[in-house]
DNA sequence: CGCAGCCTTGAGCAGTATCAAAGTCGGTGG
DNA sequence: CCACCGACTTTGATACTGCTCAAGGCTGCG
């Protein structure tokens with residue numbers, strides 16, 4: 001049983017508010033050194049395989065983290081929204097980016113340069129702890145993601161994706177995402193996704209308006225995902 | 001193109017030798033406080049959902065990390081061998097275990113009690129860094145695992161699993177794993193796995209003897225995985 | 001010797017991808 | 001303002017992939 005209040009929330013919803021409650025001293029350090037970056041919908045912030053230059057905080061907008069596979073098809077494994085931090089994994093292990101990031105909407109980022117980031121975590125065990133805690137927690141999410149891909153069929157995965165997306169696009173209660181991106185989250189073809197959405201529409205579970213999806217009945221989605 | 005020497009090694013092979021080169025002081029602390037645990041093949045070291053009591057080092061044997069899903073079917077997302085450390089993620093984020101661990105062979109573990117572990121990482125920034133680095137690095141592995149599940153078919157995933165297993169069971173050059181476990185790694189049914197293995201046998205890629213698999217031609221496996 | 005637990009094979013069916021074609025929407029330029 | 005274009009979405013037909021169920025084979029052990 002999963003929804004945003006359930007004990008399993010940990011596994012399916014992941015927000016990494018590392019800088020949620022930070023000391024004033026760090027805050028001002030961040031303020032002084034942050035570099036604002038503005039991008040339009042569709043633009044790519046960075047590509048997998050390139051060298052990281054810092055850590056980002058998403059201040060405005062929605063982004064996708066993805067990695068390209070067969071025939072350059074994207075696999076989208078994470079969506080982020082306001083105040084989420086990202087890009088720290090590859091900095092911390094000193095590797096090139098393991099994934100790309102692109103904008104689902106117009107976006108504003110703060111780039112925290114690598115050296116600033118390192119000096120912050122070096123001098124603030126508090127932040128380091130929080131970071132470690134957050135990264136560790138993400139594992140539960142990843143394990144579940146993988147298990148879902150391995151064991152659930154497209155209908156079930158679509159149901160789960162809608163539950164998550166509903167949570168993700170909370171502010172306007174409408175899911176705005178291209179079918180392509182949506183199918184690349186679920187790990188299926190555009191057409192298969194559309195057919196499942198069609199079924200859900202007929203079953204009164206969702207409403208589809210102008211390519212936006214409105215969830216009518218989350219309980220049914222949960223039931224479908226849990227193999228009702 | 002992936003094999004154990006390729007630049008993509010990072011994404012497919014994951015060893016977390018956090019305690020690889022540790023100061024003598026820490027080593028003796030570990031030596032004094034470690035609790036040896038012996039288990040037989042098939043036994044479970046811990047179950048997902050239970051409370052962690054420490055961090056483990058696998059000294060002897062082979063284990064699987066898995067999580068149960070539909071109909072109690074296991075999804076195996078990681079195999080570990082000698083000197084691998086595990087169980088630290090859930091300790092670090094102060095959660096119950098996100099997965100279970102069971103023995104593929106007779107095993108010997110060292111349990112490092114929670115408080116010892118914490119005092120070590122608290123007093124040794126060196127270890128903490130190494131830990132953070134390792135955990136961060138694992139993300140690349142997980143992203144790739146998920147993408148493979150989302151985009152590759154059973155034949156391709158089986159090929160990849162064999163490449164990995166070959167690396168994992170390096171010491172005797174034979175893959176010893178039940179069809180059930182193997183299929184739970186790939187994310188398919190036992191029968192489907194068997195059919196693919198049968199094909200590989202006919203294509204001269206593997207040899208199957210007494211339920212053990214011997215890889216005859218890794219290059220072909222790589223080609224199949226990369227969608228030849 | 002017989003039983004239990006794996007492994008294997010076969011047949012049929014359900015699920016999913018692919019390809020092709022038509023419909024929809026938004027934006028652009030005449 | 002309207003017509004057209006391109007991108008995205010939807011639908012249909014078809015083929016293939018992979019799962020399930022059922023049965024039989026093999027192996028090791030009591």
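Protein chains in written order, with the working numbering: chain A, 1 to 228; chain B, 1 to 228. Cβ atoms here follow ideal geometry from the backbone N, Cα and C, with glycine treated the same way.
Under 9 Å from the C-beta of residue i: neighbouring residues of chain A
{"i": "residue 95 of chain B", "result": "10, 136, 137, 140"}
{"i": "residue 227 of chain B", "result": "70, 71"}
Host alpha helix (DSSP H) of residue i (start-end)
{"i": "residue 92 of chain B", "result": "88-92"}
{"i": "residue 207 of chain B", "result": "No alpha helix (DSSP H) contains residue 207 of chain B, which is instead part of the beta strand (DSSP E) from 206-209."}
{"i": "residue 127 of chain B", "result": "125-151"}
{"i": "residue 199 of chain B", "result": "190-202"}
{"i": "residue 218 of chain A", "result": "218-225"}
Exposure of residue i, with buried meaning 16 or more beta-carbon neighbours within 10 Å
{"i": "residue 161 of chain A", "result": "buried"}
{"i": "residue 188 of chain B", "result": "buried"}
{"i": "residue 140 of chain B", "result": "buried"}
{"i": "residue 28 of chain A", "result": "exposed"}
{"i": "residue 198 of chain A", "result": "exposed"}
{"i": "residue 215 of chain A", "result": "buried"}
{"i": "residue 52 of chain A", "result": "buried"}
{"i": "residue 210 of chain B", "result": "exposed"}
{"i": "residue 213 of chain A", "result": "buried"}
{"i": "residue 24 of chain B", "result": "exposed"}
{"i": "residue 115 of chain A", "result": "exposed"}
{"i": "residue 54 of chain B", "result": "buried"}
{"i": "residue 56 of chain B", "result": "buried"}
{"i": "residue 71 of chain A", "result": "exposed"}
{"i": "residue 66 of chain B", "result": "buried"}
{"i": "residue 64 of chain A", "result": "buried"}
{"i": "residue 95 of chain B", "result": "buried"}
{"i": "residue 5 of chain B", "result": "Reliability of the predicted coordinates at residue 5 of chain B is poor, the pLDDT of 49 falling under 50, and the value obtained from them is presented with this limitation in mind. Under this definition residue 5 of chain B is an exposed residue."}
{"i": "residue 186 of chain B", "result": "buried"}
{"i": "residue 184 of chain B", "result": "buried"}
{"i": "residue 204 of chain B", "result": "exposed"}
{"i": "residue 35 of chain A", "result": "exposed"}
{"i": "residue 134 of chain B", "result": "buried"}
{"i": "residue 132 of chain B", "result": "buried"}
{"i": "residue 166 of chain B", "result": "buried"}
{"i": "residue 138 of chain B", "result": "buried"}
Contact belief for residue i with residue j at Cβ below 8 Å, rounded distance in angstroms
{"i": "residue 79 of chain A", "j": "residue 86 of chain A", "result": "The pair is not a contact, with the Cβ atoms about 11 Å apart (cut-off 8 Å)."}
{"i": "residue 169 of chain B", "j": "residue 163 of chain B", "result": "With 8 Å as the limit, residue 169 of chain B and residue 163 of chain B do not qualify as a contact, their Cβ atoms being about 12 Å apart."}
{"i": "residue 30 of chain A", "j": "residue 127 of chain A", "result": "No, residue 30 of chain A and residue 127 of chain A are not in contact; Cβ-Cβ is about 10 Å, not under 8 Å."}
{"i": "residue 225 of chain A", "j": "residue 150 of chain A", "result": "No, residue 225 of chain A and residue 150 of chain A are not in contact; Cβ-Cβ is about 15 Å, not under 8 Å."}
{"i": "residue 136 of chain B", "j": "residue 93 of chain A", "result": "4 Å"}
{"i": "residue 267 of chain A", "j": "residue 145 of chain B", "result": "Lying outside 1 to 228, the shown extent of chain A, residue 267 of chain A is not represented and no answer is given."}
{"i": "residue 32 of chain B", "j": "residue 58 of chain B", "result": "Contact flag wrong, Cβ pair sits at about 20 Å."}
{"i": "residue 117 of chain A", "j": "residue 91 of chain A", "result": "7 Å"}
Chain-ordered neighbours of residue i on chain A, where CB pairs are closer than 8 Å
{"i": "residue 152 of chain B", "result": "69, 70"}
{"i": "residue 229 of chain B", "result": "No statement about residue 229 of chain B is possible, as the shown extent of chain B runs from 1 to 228 and does not include it."}
Host beta strand (DSSP E) of residue i (start-end)
{"i": "residue 39 of chain A", "result": "35-39"}
{"i": "residue 77 of chain A", "result": "74-80"}
{"i": "residue 156 of chain A", "result": "Unbroken run through residue 156 of chain A is the alpha helix (DSSP H), 154-168; no beta strand (DSSP E)."}
{"i": "residue 57 of chain A", "result": "54-60"}
{"i": "residue 180 of chain A", "result": "Looking at the DSSP string, residue 180 of chain A is not in any beta strand (DSSP E); the run it does join, the alpha helix (DSSP H), is 179-186."}
{"i": "residue 101 of chain A", "result": "100-103"}
{"i": "residue 67 of chain B", "result": "63-68"}
{"i": "residue 51 of chain B", "result": "Premise fails: residue 51 of chain B is in no beta strand (DSSP E) and is neither H nor E."}
{"i": "residue 212 of chain A", "result": "212-215"}
{"i": "residue 110 of chain B", "result": "107-113"}
Proximal chain A residues relative to residue i, where beta-carbon distance stays under 7 Å
{"i": "residue 143 of chain B", "result": "67, 77, 98, 99"}
{"i": "residue 43 of chain B", "result": "Chain A residues near residue 43 of chain B: none, gap ~21 Å exceeds 7 Å."}
Contacts that residue i makes with chain B (C-beta to C-beta distance below 7 Å)
{"i": "residue 92 of chain A", "result": "132, 133, 136"}
{"i": "residue 89 of chain A", "result": "136, 139"}
Contacts that residue i makes with chain B (C-beta to C-beta distance below 8 Å)
{"i": "residue 182 of chain A", "result": "Within chain B, no residue comes near residue 182 of chain A; the closest Cβ sits about 13 Å away, beyond 8 Å."}
Near the ligand MG: residue i beta-carbon under 8 Å from a heavy atom
{"i": "residue 197 of chain B", "result": "Summarising the ligand content, the structure contains no ligands, and the ligand MG is consequently not present."}
Touch check for the segment 179-197 of chain A and the segment 145-160 of chain A: three-plus C-beta pairs under 8 Å?
Here the segment 179-197 of chain A lies against the segment 145-160 of chain A, with 3 or more beta-carbon pairs under 8 Å apart.
Would you say the segment 117-135 of chain A touches the segment 65-80 of chain A, given that touching needs at least three Cβ pairs under 8 Å?
Taking a contact to require three or more Cβ pairs closer than 8 Å, the segment 117-135 of chain A and the segment 65-80 of chain A do not qualify as touching.
Is there contact between the segment 97-105 of chain A and the segment 100-108 of chain B, where contact requires at least three CB pairs shorter than 8 Å?
Here the segment 97-105 of chain A does not lie against the segment 100-108 of chain B, with fewer than 3 beta-carbon pairs under 8 Å apart.
Determine, using beta-carbon pairs with one atom in the segment 106-118 of chain B and one in the segment 29-45 of chain B, whether at least three such pairs fall under 8 Å.
In the pairwise beta carbon analysis, the segment 106-118 of chain B is classified as touching the segment 29-45 of chain B: at least three pairs are separated by under 8 Å.
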